[in-house]
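Notes follow once the structure below has been shown.
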Amino acid sequence: MLRLDRIALGQALAGGRARWRLTVREAAELTGVSSATISRAERASEDAYQAAQSVLVLCAVYGLDPLAFLVECGGEGAVGDMIHVQPPMKQTLAGG
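Sequential numbering from 3 applies to the sequence shown in the working numbering.
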């Protein structure tokens with residue numbers, strides 16, 4: 003069974019923010035992710051990772067790269083203005 007190591011990821015997120023010398027507030031402004039969510043993720047709070055863990059496990063099982071679906075948005079989460087960083091690639095199940 004696959005599981006997201008949220009403690010290691012939380013430490014990595016906090017370390018990454020520290021390397022960029024960003025406060026939580028600055029990281030929130032830069033990313034559009036709320037300060038509360040950033041803090042919960044860095045503290046490895048289960049509620050900050052539940053949905054992400056499910057999606058990442060599904061991607062691993064199906065052989066999908068979740069980063070292929072990361073998109074640029076035009077401002078405050080404007081879904082209509084999404085621009086794919088990399089076009090999602092057609093991916094199939096192994097052996098299929």
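Here a beta-carbon is modelled for each residue, glycine too, at the ideal position from N, C-alpha and C. Please read these numbers as outputs of a predicted model, since none were measured by experiment.
Work out the CA separation of residue j and residue i for me, nearest whole Å.
| i | j | result |
| --- | --- | --- |
| E44 | Q52 | 14 Å |
| S36 | A30 | 5 Å |
| G12 | T39 | 11 Å |
| Y64 | S56 | 12 Å |
| A16 | C75 | 24 Å |
| M3 | L24 | 35 Å |
| R19 | E28 | 9 Å |
| R21 | A62 | 29 Å |
| A14 | A50 | 15 Å |
What are the boundary residues of the alpha helix (DSSP H) that includes residue i?
| i | result |
| --- | --- |
| A56 | Position check: residue 56 holds Ser in this sequence, whereas Ala was assumed. First-last of the alpha helix (DSSP H) with S56: 48 to 64. |
| V26 | 26 to 33 |
| A20 | 8 to 21 |
| G37 | Contrary to the premise, residue 37 reads as Ser rather than Gly in this sequence. Segment 37 to 44, the alpha helix (DSSP H) holding S37. |
Do the CB positions of residue i and residue j come within less than 9 Å of each other?
| i | j | result |
| --- | --- | --- |
| I9 | A54 | no |
| L60 | L66 | yes |
| L6 | L58 | yes |
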